[in-house]
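> Quick note: the sequence shown, position 32, residue 33 per our numbering, numbers continuous.
Below is a structure I'd like to ask you about.
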Amino acid sequence: MKLVIGCDHGGFDLKENIKQYLDEQGIAYTDYGTLTPERCDYPVIAKKVAEAVADGTFDRGILICGTGIGIGIAANKVHGIRAALCHDMFSAEYCRRHNDANILTMGGRVIGPGLAREIVRIFLNTGFDGGRHEVRVNMIKEMDK
């Protein structure tokens, strides 16, 4: 799996913690920034990550801002993106199983690193159920045109 990760200043510390987790697990990723905790604008990072997932350069992405909300809204503006905000393990599982989410968003000011690592683990290791859910995902794709 090809993975891309990005954040704004509000998600910087959590992104660095997630990168450490990915390194520990031997999961390769590309970091699209921000590379410092200095203030930056989340739509810029969201667009870069979302376009790279949408065009197939990466299979999935992780985006982190202060709440996970703004960066997810921005990512979902990109055609082909299904970004899901997850702050619990159930949502992380079912955004993949039922919605085939291709970007996970989280809030660095909302959840701690232990829970975030579990959410990432579940998001990366859960497949799409297809079936009746595929019909619904296809409906979403049609709305995205």
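Note that the Cβ used here is the ideal one computed from N, Cα and C, for glycine as well.
Source: prediction; values computed, not measured.
Between I65, T127 and L64, which lies nearest to F91 when the distance is taken from Cα to Cα?
The option with the nearest alpha carbon to F91 is T127.
> Looking at the structure shown, is V121 part of a helix, part of a strand, or coil, going by DSSP?
The answer is helix: DSSP assigns V121 an H, G or I state.
> Short of 7 Å in beta carbon distance, which residues of its chain neighbour G34, apart from the five on each side in sequence? Order them along the chain.
Counting only Cβ-Cβ distances below 7 Å, and skipping sequence neighbours, we find G7 and I46.
> Taking the alpha carbon of R61 as the reference point, which residue from K3, E25 and G131 has its own alpha carbon closest?
Out of K3, E25 and G131, K3 has the C-alpha closest to the C-alpha of R61.
> Identify whether V153 lies in helix, strand or coil by the three-state DSSP scheme.
This structure does not reach residue 153, given that the chain is present from 2 up to 146, and the question cannot be answered.
> Relative to the alpha-carbon of P44, which residue among E52, I72 and A29 has its alpha-carbon at the smallest distance?
When each option's Cα is compared against that of P44, the closest is I72.
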